[in-house]
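Here is the structure:
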């Protein structure tokens, strides 16, 4: 099996030989018969169905459930590489939190002229309601999903920051559970960093940002309900943390205090881990027709009686039109050089960027500034001329709604497809937790574009997932003594 | 516990119990159809069952005249109305799905598997496979109950599951008795002399062997009725269900549930201290009618005190 020309392969080097850290796994993989691998994959599918790890797809019948395809070949990352990535992620999220706090207080970065004020203050994701509101620890994005890709040189870049309600962590956990069930022998042999403690870390993190003075905070997870596409994840996380999974109708606000309705009467709620967009949180303040939220929640929030995670208004920092400024934020707030680069981005609001992009639509990826989930984007090299012309018209009409980026040769990983093992493009979404401390569970969700040549990894667009292995630091000479003898490489 | 969570648990168990009770009910008719009875009597039996399930009008609109095969399919497999076995299994699973964080993974996976497998059944299954379907439903509900008792914390969740189960079961046992007493439909009450027909009822409820052990005597309508209403040691018996209902309600009592508990206790006392002959002095069916009226009242009160009140779903 050869790697795709020009893309960086996570497992194989340019000559087709396994990279150092994958050598052991790759040899094992080549020893497995195709029948054996196929049977393991069938086993995984059956298990995922029984457990009901499914998601709903917008635009299909309500309640339609599909499996996210799971690939049994893991993505493997050596310890040193992860250490670098982890540092970069923490730095970036610290800067993003500092930025949001600044925007909702002094707006120093705007006054310093680093970002045009209109870019922020006229952004629909900017919430004037949050101006001057002080939050515990000054944290806004408590849970961040930072999408990381690798370019053809093997360098990590941030593709986007998800600071509102990032999802996918349940797949990270379930994928690991599945791999341990399917291939226990691999875990006995390789030192693979665990991820199972994520729910504990998340719960601790949420408790650490409870309103001041609350000693034993009650945390709940607010879901839009059983028909939401990520409902499985909501229920899963609530169960794993041992907290109540609530819907808007279960909560009410009295005298600026939030309560849930229980069989024993009202019970006070201190922290809401919400999996609902800002717009739906409080019909009195945002969309009046929404029945998913809680009337009066914003009042309780502004009074400091409840913490909402992530905070209201974080969207102002993960908007694609703000993304180009994030490296600058790192410099501005932390006085450090960013460890993680952005993907070069043309902001089509700017005339010179727009002129370049319109002249090169056939090579670029064009994204809607407020889009998500892989909807509403143009991948130039894969698009028909009609699609390109359609985007040209849309960009000319509303240039501020679009950005453009080079078509990245996302890195690839061997993936089990119908024809056997073949390289497929992947990305990585690690989850960064910010509270009293900042934590990243080693790994994240690796998404894989299953169609040959496709660069779109979103589950709504035919993407699948893989388990992500961060290898433990290699043992020193002393640590190896007494360990089970390993086969020579 | 969230009121909505309690509500889902309660309905999850009610629908599951209803599914197996429907299976027992049509199993009884299947078996009656094998006895040497006049064909009209068999059809009248199906008719009476549709009436007691509140499905007779919906059935007539779809199929017209009652036939054994169409009635079976309507109660077992029809997905167009909410009262069929398949729809009950689906509703149990949907309620379980809404609280899959509260029930154990084993419970959820069992409910989910039951639902996924149920999708394979439809009226096109050959008649010979119908009995198998009913056995499968019984087996899956036994399994779910066993897993619930084997894995779920002894706490509020289990209490609400039990409240749902026993309310539904008390209702069902009384309904099956009533249907038997009214069969054949429309001619008022009369004693059915054929012991075999009442034996069929017992078998469908998996209570035949218990009857033999307890009575060591021939099967008569009054004995069967007395057993199914008054025994406090028979899991299908109304008295037993009320024992359980009362105990589980007491365990979750809150500040507003006093009157509900009082009524549950009063209803229970009829069976605990009452004499069968006196309770049924005005006829078994009129006693059961009144009993069902009071069960309905209890159900509404439970919803108001603990769950999501009816009509606000």
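Protein chains in written order, with this note's numbering: chain A, 10 to 498; chain B, 351 to 663. C-beta atoms are modelled at their ideal positions from N, C-alpha and C, and glycine is treated no differently. These figures come from a predicted structure and were not determined experimentally.
Per-residue DSSP class, three states only, for residue i
{"i": "residue 494 of chain A", "result": "Confidence at residue 494 of chain A is low in this model, with a pLDDT of 42, below 50, so its placement is unreliable and the value that follows should be read with caution. Correct three-state label for residue 494 of chain A: coil."}
{"i": "residue 433 of chain A", "result": "strand"}
{"i": "residue 23 of chain A", "result": "coil"}
{"i": "residue 650 of chain B", "result": "helix"}
{"i": "residue 166 of chain A", "result": "strand"}
{"i": "residue 438 of chain A", "result": "strand"}
{"i": "residue 353 of chain A", "result": "coil"}
{"i": "residue 598 of chain B", "result": "helix"}
{"i": "residue 116 of chain A", "result": "coil"}
{"i": "residue 358 of chain A", "result": "coil"}
{"i": "residue 83 of chain A", "result": "strand"}
{"i": "residue 310 of chain A", "result": "helix"}
{"i": "residue 35 of chain A", "result": "helix"}
{"i": "residue 184 of chain A", "result": "helix"}
{"i": "residue 268 of chain A", "result": "strand"}
{"i": "residue 364 of chain A", "result": "helix"}
Cβ pair residue i, residue j closer than 8 Å
{"i": "residue 431 of chain B", "j": "residue 448 of chain B", "result": "no"}
{"i": "residue 456 of chain B", "j": "residue 497 of chain B", "result": "yes"}
{"i": "residue 440 of chain A", "j": "residue 453 of chain A", "result": "yes"}
{"i": "residue 33 of chain A", "j": "residue 199 of chain A", "result": "yes"}
{"i": "residue 266 of chain A", "j": "residue 309 of chain A", "result": "yes"}
{"i": "residue 552 of chain B", "j": "residue 569 of chain B", "result": "yes"}
{"i": "residue 378 of chain A", "j": "residue 410 of chain A", "result": "yes"}
{"i": "residue 244 of chain A", "j": "residue 284 of chain A", "result": "no"}
{"i": "residue 531 of chain B", "j": "residue 635 of chain B", "result": "yes"}
{"i": "residue 104 of chain A", "j": "residue 343 of chain A", "result": "yes"}
{"i": "residue 354 of chain B", "j": "residue 256 of chain A", "result": "yes"}
{"i": "residue 513 of chain B", "j": "residue 445 of chain B", "result": "no"}
{"i": "residue 443 of chain B", "j": "residue 465 of chain B", "result": "yes"}
{"i": "residue 413 of chain A", "j": "residue 375 of chain A", "result": "yes"}
Proximity to residue i [Cα-Cα], best of the options
{"i": "residue 135 of chain A", "options": "A:325, A:424, A:356", "result": "A:325"}
{"i": "residue 405 of chain A", "options": "A:385, A:366, A:395, A:243", "result": "A:366"}
{"i": "residue 405 of chain B", "options": "B:487, B:420, B:476", "result": "B:420"}
{"i": "residue 351 of chain A", "options": "A:85, A:157, A:114", "result": "A:157"}
{"i": "residue 589 of chain B", "options": "B:615, B:659, B:571", "result": "B:615"}
{"i": "residue 3 of chain A", "options": "A:447, A:355, A:460", "result": "Residue coverage of chain A in this structure runs from 10 to 498, which leaves residue 3 of chain A outside it and unanswerable."}
{"i": "residue 618 of chain B", "options": "B:378, B:580, B:425, B:525", "result": "B:580"}
{"i": "residue 491 of chain B", "options": "B:450, B:463, B:469", "result": "B:463"}
{"i": "residue 6 of chain A", "options": "A:393, A:241, A:138", "result": "An answer regarding residue 6 of chain A cannot be provided, because it is not within the stretch 10 to 498 covered by chain A."}
{"i": "residue 141 of chain A", "options": "A:131, A:168, A:109", "result": "A:109"}
{"i": "residue 55 of chain A", "options": "B:385, B:459, B:440", "result": "B:459"}
{"i": "residue 480 of chain A", "options": "A:315, A:204, A:219", "result": "A:204"}
{"i": "residue 457 of chain A", "options": "A:470, A:95, A:40, A:262", "result": "A:470"}
{"i": "residue 479 of chain B", "options": "B:654, B:658, B:427, B:562", "result": "B:427"}
{"i": "residue 272 of chain A", "options": "A:252, A:259, A:281", "result": "A:259"}
{"i": "residue 184 of chain A", "options": "A:355, A:53, A:214", "result": "A:53"}
Test: residue i CB closer than 8 Å to a CB of chain B
{"i": "residue 59 of chain A", "result": "yes"}
{"i": "residue 271 of chain A", "result": "yes"}
{"i": "residue 259 of chain A", "result": "yes"}
Cross-chain neighbours of residue i in chain B, by beta carbon under 8 Å
{"i": "residue 235 of chain A", "result": "444, 447, 448"}
{"i": "residue 256 of chain A", "result": "354"}
Min CB distance residue i to chain A below 8 Å
{"i": "residue 486 of chain B", "result": "no"}
{"i": "residue 459 of chain B", "result": "yes"}
{"i": "residue 359 of chain B", "result": "no"}
{"i": "residue 502 of chain B", "result": "no"}
{"i": "residue 466 of chain B", "result": "yes"}
Chain B residues whose Cβ lies nearer than 9 Å to that of residue i
{"i": "residue 274 of chain A", "result": "604, 605, 606"}
Partner residues on chain A for residue i, Cβ-Cβ distance less than 7 Å
{"i": "residue 463 of chain B", "result": "59"}
{"i": "residue 506 of chain B", "result": "272"}
Contacts that residue i makes with chain B (C-beta to C-beta distance below 7 Å)
{"i": "residue 253 of chain A", "result": "352"}
{"i": "residue 247 of chain A", "result": "451"}
{"i": "residue 80 of chain A", "result": "By Cβ distance, chain B contributes nothing, its closest Cβ being about 23 Å from residue 80 of chain A, past 7 Å."}
Residues that residue i contacts on chain A, provided the C-beta gap is smaller than 8 Å
{"i": "residue 656 of chain B", "result": "272"}
Chain C contact for residue i (CB, 8 Å cutoff)
{"i": "residue 244 of chain A", "result": "Considering every chain present, this structure includes no chain C. Its protein chains are A and B."}
Residue i beta carbon near the ligand NAP (any heavy atom closer than 7 Å)
{"i": "residue 295 of chain A", "result": "Annotation note on the ligand NAP: not contained in the displayed structure, which lists no ligands."}
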